[in-house]
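Numbering (my numbering), first residue to last: 1372 to 1815.
Note that the Cβ used here is the ideal one computed from N, Cα and C, for glycine as well.
Only a predicted model underlies this, so the values are computations on that prediction, with no experimental measurement involved.
Here is the structure we will look at.
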Amino acid sequence: MEKITSLAKRRGFVYQSSEIYGGQNGAWDYGPLGVELKNRIAGAWWKEMTRLHDNIVGLDAAILMHPRTWEASGHVENFTDPLVDCKKCKSRFRADQIPQENLTAKKCPDCGGELTDTRKFNLMFKTHIGPAEDTASIIYLRPETAQGIYVNYKNIIQSNRMKIPFGIAQIGKAFRNEIVTKNFIFRTCEFEQMEMQYFVKPGTDEEWFAEWRKQRWAYYEKLGIKMDHLRWHQHGPDELAHYAKDAYDIEYLFPMGWRELEGVHNRTDYDLGRHTQFSGKDLQYIDQDNNNERYIPYIIETSAGLTRNLLMIFCDAYDEEQVAEKGNDDDWRTVLRFHPDLAPVTVAILPLMKKDGLAELAQDIRAELKEDYATDYDQAGAIGRRYRRQDEAGTPFCVTVDYQSKEDGTVTLRFRDSMEQVRVPKAELSARIRQEIKAYKRTK
Ligand code: GAP
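What follows is the structure, given as structure tokens:
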């Protein structure tokens, strides 16, 4: 994880938030390559969940919601972690994450000092809206994006004439006052989620639950993730969230071990039932194709962390490879083997020399490719070093412009994973790259 963190910072993927003030725990900033990578991961998910499904539509709901939302959802009452503090060293722990013997003996696992009693700690960030800071002005930063979907479900049925089964997808920020935020961007206080809520007829929920598990697994396969680094974990009765009848996590083998990446939950009619009760609004679905049958739909949820997906994709892509080069047999390269659809830069254009018109020709090629791809241009230093820099950024294709390019209009196209090079007429470059992206299969 140290290597990943340091590469992420060095190459401008992720920086610590407010670093010049000593950093802000639980918050991170996404630099030039990081924001591109994050946008692409979000784009891939959005395409998968909306464009490829005729019956799933998108939504972008506000982060600030009516505070009754969180009473109805159960978060005010139930969204808590058990917490203990050390009276001596002031460290704070989640009671369920320290050894039982320490808890029983009330002994700090760090310094041996005395621990406080366990108390419930609500993870929602609470603030005030408007000029008065009283109980009437309390408002929460949303701890999950899902509730914005539930409160809009009737609006969407009406405006878009949706028929069950149908889904609503959303990507957005969520906030949790996490007690433990180690492991880089894995668990943070401010993060992004990619959630899809699928509304189904009661009685069909288990079938759809199985179907969505299948689809979410296939999605990661399509992204070229190492499938032996993924596994399912079914929640036991003591792990189930207050809203769930059944839940499976997709876990990934991160450098610190197997950890949750995404959850698929059968939330039953819990959420819509509670919103009916708390809002007094009728949230039943009316099935016009079935004698106006009325029911509260069941909800199957797929809930992935966008920022956690970024960490997973970064870890999964990270590789160090020994590459034999002329007279330099022990040369190593660090390479990020991102799927070309996700790589922050798709193609880098490199003139072999700055002089003799090669730089100008390379700039012209870049100007043409810019319309179709995220490009980079680099003319500084030896060509081998420039390839290494692009490998480290995960750029799948490099185009090198050399003296032959001036004569016959061809350039070399270099592939990141195999480091092979082919000569391609520059007029065919864009189409060739498109073809290579479509045919991409991860081999290493
Ligand atoms: N709407 C259901 C829900 O929020 P969750 O299991 O609490 O379920 C879903 O969260 C996903 O959101 C997790 O699988 C994880 O990827 C991401 N996530 C949750 N808490 C996070 C945190 N503190 N930092 C980063 N990602 C987080």
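In this structure the segment 1407-1414 touches the segment 1702-1718; the number of beta carbon pairs closer than 8 Å is three or more.
Rounded to whole angstroms, the separation of the alpha carbons of leucine 1594 and tyrosine 1744 is 19 Å.
In this structure aspartate 1773 is not in contact with arginine 1760, their Cβ atoms being roughly 18 Å apart against a cut-off of 8 Å.
Residue burial is scored here from C-beta neighbours: serine 1444 has at least 16 other C-beta atoms within 10 angstroms and is therefore classed as buried. Closest option to lysine 1797, judged by alpha-carbon separation, among Leu1784, Glu1563 and Asn1396: Leu1784. Taking C-beta separations shorter than 6 Å and ignoring five residues to either side along the sequence, the partners of glycine 1538 in its chain run Ile1427, Met1567 and Tyr1569, following chain order. In its chain, beyond the 5 residues on either side, Val1706, Arg1708, Gln1761, Asp1762, Gly1765, Thr1766, Pro1767, Phe1768 and Cys1769 have a beta carbon closer than 8 Å to the beta carbon of arginine 1787. Here the alpha carbon of threonine 1516 sits roughly 22 Å from the alpha carbon of tyrosine 1656.
Relative to the ligand GAP, the nearest heavy atom lies less than 6 Å away from the CB of serine 1674. DSSP places threonine 1781 in the uninterrupted beta strand (DSSP E) bounded by 1781-1786. Judged by DSSP in its simplified three-state form, valine 1795 adopts strand.
Contact fails between the segment 1675-1693 and the segment 1723-1742, because fewer than three Cβ pairs, one in each stretch, are under 8 Å apart. Within the same chain, and ignoring the five residues on either side of arginine 1465 in sequence, the residues whose Cβ sits closer than 7 Å to its Cβ are Asp1452, Pro1453, Leu1454, Ile1550 and Val1551. Spatial neighbours of threonine 1559 in its own chain (CB-CB distance under 8 Å, excluding positions within 5 residues in sequence) are listed in chain order as Gly1397, Ala1398, Trp1399, Glu1549, Thr1552 and Thr1678. A direct Cα-Cα distance of roughly 8 Å separates glutamate 1504 from threonine 1498. For alanine 1675, the enclosing beta strand (DSSP E) starts and ends at 1669-1676.
Only residues of its own chain outside the window of five on either side were considered, and among them Asp1690, Arg1708 and Asp1788 have a CB closer than 7 Å to the CB of lysine 1815, listed in chain order. Sequence-distant Cβ neighbours of serine 1674 in its own chain, meaning closer than 6 Å and more than five residues away, are Glu1566 and Gly1634. Nearest C-alpha to aspartate 1658 among Leu1512, Pro1536, Asn1637 and Gln1541: Pro1536.
Not one heavy atom of the ligand GAP is found less than 6 Å from the C-beta of glycine 1402. Listed in chain order, the non-local C-beta contacts of leucine 1430 below 8 Å within the same chain comprise Gly1519, Ile1520, Asn1523, Ile1527, Ile1539, Ala1540 and Gln1541, local neighbours out to five positions each way being set aside.
Straight across, the Cα-Cα distance linking lysine 1585 with threonine 1781 is about 45 Å. Residue Glu1672 holds the alpha-carbon nearest to the alpha-carbon of tyrosine 1641 among Asn1662, Glu1672 and Trp1603. Taken in chain order, the whole alpha helix (DSSP H) runs of length 4 or more contained in the segment 1703-1742 are 1729-1741. When the alpha-carbon of tryptophan 1629 is set against those of His1604, His1613 and Phe1649, the nearest one is in His1604.
For leucine 1408, the enclosing alpha helix (DSSP H) covers residues 1403-1417. The DSSP-derived three-state label of valine 1635 is strand.
Asparagine 1662 sits away from isoleucine 1412, with the two beta carbons spaced by 7 Å or more.
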